[in-house]
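A.B. asks: I have a structure here, written as structure tokens, and I will follow up with some questions on it.
Residue numbers (my numbering): 12 to 347.
Here's what the structure looks like:
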């Protein structure tokens, strides 16, 4: 298998670096200064055990690659960018060893959706025949072009993989074997979306961290609690099963501890990093917004998640850094 990792940020960069370093053919797909840095000097991959500069091949998009049978498209870009990615890659020709000249990515290649949230798989299935979900628990940071930091040790993360909407197959088995040989825990299963819905509940606090900054205290805890309670109520109303925090913790065990890299502790999560890098977009529509959507469909009020969705998007649009609001200010908006 050749792994084409589309979106070489914190998650994609870590997965691509570990696969490449452990002998798996890998291509990183990136853009802008990050792409330029990887092409000119390799990917600087920093982890608790040390820093490597890896000469991973990099591309800016599908026009720069000849797809072939055996390729795996692993999409690690944020969900807000996924629709365009699937459209760009789906109808690209694939060199088929059987001699067929009509093979395209949508019908010939597996696509793995390695994002937070639960919307990307359905977006992919509109075009791609073979879609796989990946539930990602992987502490990593990407703030500078050409550099990815992975704070997980002794393994870099836990990556549940399964067929979408459910099931498993030999492709799942092979992918999990490759990941397991590359410093990941990679459980294969036929219920990957149950794990992703569990992760969705945990990710509802991403907007709190982005909007309010990395703070502690009772008011922050209250925002987290209320966002999570709304999410659990919505999933119950919709009849959607999800993995519990206890299940997730049991799988991680002591396999993935968050440790310092080059003497520095980890910053914030994925949404915090989006605001820190001033990307202009954020994933809140597919985290808190997913709960708002399901709440509207099933008649469950979700005022906390709707507010967090709005505040996070406004901060991203205005390119404000993390911490532009206070927890007390956000709570006041809910009672005002």
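The beta-carbon is built from N, C-alpha and C at its ideal position, and this holds for glycine as well.
Bear in mind that the values here come from a model prediction, so they are computed numbers and not experimental data.
Tell me whether residue 148 sits in a helix, a strand or coil according to DSSP, three-state version.
C.D. replies: The residue you call residue 148 lines up with position 137 of the chain shown. Three-state result, residue 148: strand.
A.B. asks: Considering only the alpha carbon of each residue, which of 95, 30, 78 and 98 lies closest to residue 66?
C.D. replies: Your numbering for residue 66 matches position 55 in the chain shown. Ranking 95, 30, 78 and 98 by Cα distance to residue 66 puts 30 first.
A.B. asks: Among all the DSSP beta bridges, which residues are the ones paired with residue 79?
C.D. replies: By one-based count along the chain shown, residue 79 stands at place 68. According to DSSP, residue 79 bridges with 106.
A.B. asks: Which of the three DSSP states, helix, strand or coil, is assigned to residue 281?
C.D. replies: Mapped onto the chain shown, residue 281 falls at position 270. Three-state result, residue 281: helix.
A.B. asks: Figure out for me which residue from 263, 129 and 222 has the closest Cα to the Cα of residue 320.
C.D. replies: The count along the chain shown starts at 1 and reaches residue 320 at position 309. Among 263, 129 and 222, the Cα nearest to that of residue 320 belongs to 222.
A.B. asks: Go ahead and pull the three-state DSSP assignment for residue 253.
C.D. replies: Reading the chain shown from its first residue, position 242 is the one you call residue 253. Note: residue 253 maps to coil in three-state DSSP.
A.B. asks: Who are residue 143's beta bridge partners in DSSP?
C.D. replies: As a first step, residue 143 must be located in the chain shown, where it is residue number 132. Paired residue(s): 123 and 174.
A.B. asks: Between which two residues does the beta strand (DSSP E) holding residue 15 run?
C.D. replies: For the purposes of this step, residue 15 is taken as the residue at position 4 of the chain shown. Residue 15 -> beta strand (DSSP E) spans 13-17.
A.B. asks: Put residue 336 into one of helix, strand or coil per three-state DSSP.
C.D. replies: Locating residue 336 in the chain shown gives position 325, where the first residue counts as 1. Correct three-state label for residue 336: coil.
A.B. asks: Assess contact between the segment 12-31 and the segment 142-155, defined as three or more Cβ pairs (one per stretch) separated by less than 8 angstroms. Is contact present?
C.D. replies: yes
A.B. asks: Return the first residue and the last residue of the alpha helix (DSSP H) that residue 50 is part of.
C.D. replies: Taking the first residue of the chain shown as 1, we reach residue 50 at position 39. Residues 43-52.
A.B. asks: Just list the residues that DSSP pairs residue 156 with in beta bridges.
C.D. replies: Position 145 of the chain shown, counted from the start, is the residue given in the question as residue 156. The partner list for residue 156 (beta bridge, DSSP) is empty, contrary to what the question assumes.
A.B. asks: Just to confirm the assignment, what range does the alpha helix (DSSP H) spanning residue 268 have?
C.D. replies: Taking the first residue of the chain shown as 1, we reach residue 268 at position 257. Boundaries for residue 268: no alpha helix (DSSP H) harbours it, while the beta strand (DSSP E) harbouring it runs 267-269, taken from the DSSP string.
A.B. asks: Which same chain residues end up closer than 6 angstroms to residue 330 when comparing Cβ atoms and leaving out the 5 residues on each side of it in sequence?
C.D. replies: What you label residue 330 is simply residue 319 of the chain shown in a count that begins at 1. These residues qualify, in order along the chain: 289.
A.B. asks: In whole angstroms, what separates the C-alpha of residue 292 from that of residue 113?
C.D. replies: Taking the first residue of the chain shown as position 1, residue 292 is located at position 281. Taking the first residue of the chain shown as position 1, residue 113 is located at position 102. So the alpha carbons of these two residues sit roughly 36 angstroms apart.
A.B. asks: Exposed or buried, residue 237, counting other C-beta atoms within 10 Å across all chains shown (16 or more means buried)?
C.D. replies: Counting from 1 along the chain shown, the entry for residue 237 is found at position 226. With 16 or more Cβ atoms within 10 Å of its Cβ, residue 237 is classed as buried.
A.B. asks: Using CA coordinates, which residue listed in 256, 52, 325 and 77 is at the minimum distance from residue 15?
C.D. replies: Indexing the chain shown from 1 puts residue 15 at position 4. When only C-alpha atoms are compared, the closest one is 77.
A.B. asks: What would DSSP say about residue 30, mapped onto helix, strand or coil?
C.D. replies: Counting from one through the chain shown, the residue named residue 30 turns up at place 19. The answer is helix: DSSP assigns residue 30 an H, G or I state.
A.B. asks: Is residue 218 near the ligand COA, going by C-beta to nearest heavy atom under 6 angstroms?
C.D. replies: As presented, the structure is devoid of all ligands, the ligand COA included, so that no description of it is given.
A.B. asks: Please classify residue 220: is it buried, with 16 or more other beta-carbons within 10 angstroms of its beta-carbon, or exposed?
C.D. replies: The residue you call residue 220 lines up with position 209 of the chain shown. Per the 10 Å Cβ criterion, buried.
A.B. asks: Looking at residue 179: is its Cβ nearer than 7 angstroms to the Cβ of residue 199?
C.D. replies: Within the chain shown, residue 179 is the residue found at index 168, counting from 1. Within the chain shown, residue 199 is the residue found at index 188, counting from 1. Yes; because the gap between Cβ atoms is below 7 angstroms, this pair is in contact.
A.B. asks: Just the C-alpha distance for residue 89 and residue 142, rounded to the nearest angstrom, thanks.
C.D. replies: Here residue 89 corresponds to residue number 78 of the chain shown, with the count starting at 1. Here residue 142 corresponds to residue number 131 of the chain shown, with the count starting at 1. Spanning the alpha carbons of residue 89 and residue 142 requires a straight line of approximately 17 angstroms.
A.B. asks: What residue does the alpha helix (DSSP H) around residue 184 start on, and which one ends it?
C.D. replies: What you label residue 184 is simply residue 173 of the chain shown in a count that begins at 1. Counting along the chain, the alpha helix (DSSP H) containing residue 184 begins and ends at 181-191.
A.B. asks: Can you name the residues that DSSP bridges to residue 275?
C.D. replies: Residue mapping note: residue 275 aligns to position 264 of the chain shown, counting from 1. 272, per the DSSP bridge assignment.
A.B. asks: Using the beta-carbon count (16 or more within 10 Å), is residue 271 buried or exposed?
C.D. replies: The sequence position of residue 271 within the chain shown is 260, counting from 1. So residue 271 ends up on the exposed side.
A.B. asks: Is the segment 242-249 touching the segment 263-282, taking contact as three or more C-beta pairs under 8 angstroms?
C.D. replies: In short, these stretches do not touch, since the Cβ pair count stays below three.
A.B. asks: In its own chain, which residues sit with a C-beta less than 7 angstroms from the C-beta of residue 314, not counting the 5 before and 5 after it?
C.D. replies: What you label residue 314 is simply residue 303 of the chain shown in a count that begins at 1. Excluding sequence neighbours, residue 314 sits near 345.
A.B. asks: Is the Cβ-Cβ distance between residue 70 and residue 50 less than 7 angstroms?
C.D. replies: Looking up residue 70 in the chain shown gives position 59. Looking up residue 50 in the chain shown gives position 39. No. Outside cutoff.
A.B. asks: Helix, strand or coil, according to DSSP, for residue 85 in the structure here?
C.D. replies: Within the chain shown, numbered from 1, the residue matching residue 85 stands at position 74. Strand.
A.B. asks: Below 8 angstroms, how does it come out for the segment 124-131 and the segment 291-307: are there three or more Cβ pairs, yes or no?
C.D. replies: yes
A.B. asks: Apply the 10 Å Cβ neighbour rule to residue 91 and answer buried if 16 or more other Cβ atoms are within range, or exposed otherwise.
C.D. replies: Residue 91 sits at position 80 when you count from the first residue of the chain shown. Counting of Cβ neighbours within 10 angstroms places residue 91 among the buried residues, the total reaching 16 or more.
A.B. asks: Helix, strand or coil: which one does DSSP assign to residue 306?
C.D. replies: Start at 1 with the first residue of the chain shown, and residue 306 comes out as number 295. Helix, per DSSP.
A.B. asks: Might you give, ordered along the chain, the residues of its own chain that have their beta carbon closer than 7 angstroms to the beta carbon of residue 350, omitting 5 neighbours on each side?
C.D. replies: There is no way to answer for residue 350, as the model of the chain reaches only from 12 to 347.
A.B. asks: With DSSP as the reference, identify every bridge partner of residue 73, one or two as the case may be.
C.D. replies: As a working note, residue 73 is residue 62 in the chain shown. Bridge partners of residue 73: none, in fact.
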